[in-house]
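In this note's numbering, the protein residues as written are 273 to 363.
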Amino acid sequence: MFRMWAKEFKDNRMIKDITVVDSASEKNRTRKVFDAVEEICYAFDLSKPIWLDKNIQEFQRNDKTRFYQDNFIDQIEFDFLEIHVIEEDGE
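The structure is reproduced here in structure tokens:
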């Protein structure tokens with residue numbers, strides 16, 4: 273099972289969070305990550321963030337990253353969105 277935890281922060285406080293679960297065995301990890309981000313954005317009513325090189329490197333290294341205003345086309349009402357893979361298949 274694959275689980276991703278997403279949190280919105282404003283003024284160093286978590287204002288929203290959601291956990292997305294994907295148990296599809298036919299999808300690869302990348303597809304699960306992008307599907308989870310899409311589901312998170314739908315739940316939080318956000319446009320999809322743009323993955324900058326910094327986000328890709330951070331996510332590959334730590335299984336988590338933060339998206340700031342620079343990652344969104346629309347104006348956001350929070351400081352950043354953090355995503356974190358909390359469970360991978362086979363763990």
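Ideal Cβ placement from N, Cα and C applies to all residues, glycine included.
Small disclaimer: the values here were computed from a predicted structure and weren't measured.
Proximity below 7 angstroms, CB of residue i to CB of residue j
i: S297; j: M273; result: no
i: A308; j: M276; result: yes
i: F281; j: S319; result: no
i: E311; j: V292; result: yes
i: K326; j: H356; result: no
i: D289; j: K304; result: no
Contact belief for residue i with residue j at Cβ below 8 angstroms, rounded distance in angstroms
i: L353; j: R338; result: 7 angstroms
Start-to-end residues for the alpha helix (DSSP H) that takes in residue i
i: K326; result: D325 to N334
i: E360; result: Note, E360: premise wrong, no alpha helix (DSSP H); not H, not E.
i: I312; result: R301 to F316
Boundaries (first-last residue) of the beta strand (DSSP E) holding residue i
i: A278; result: F274 to K282
i: D289; result: R285 to D294
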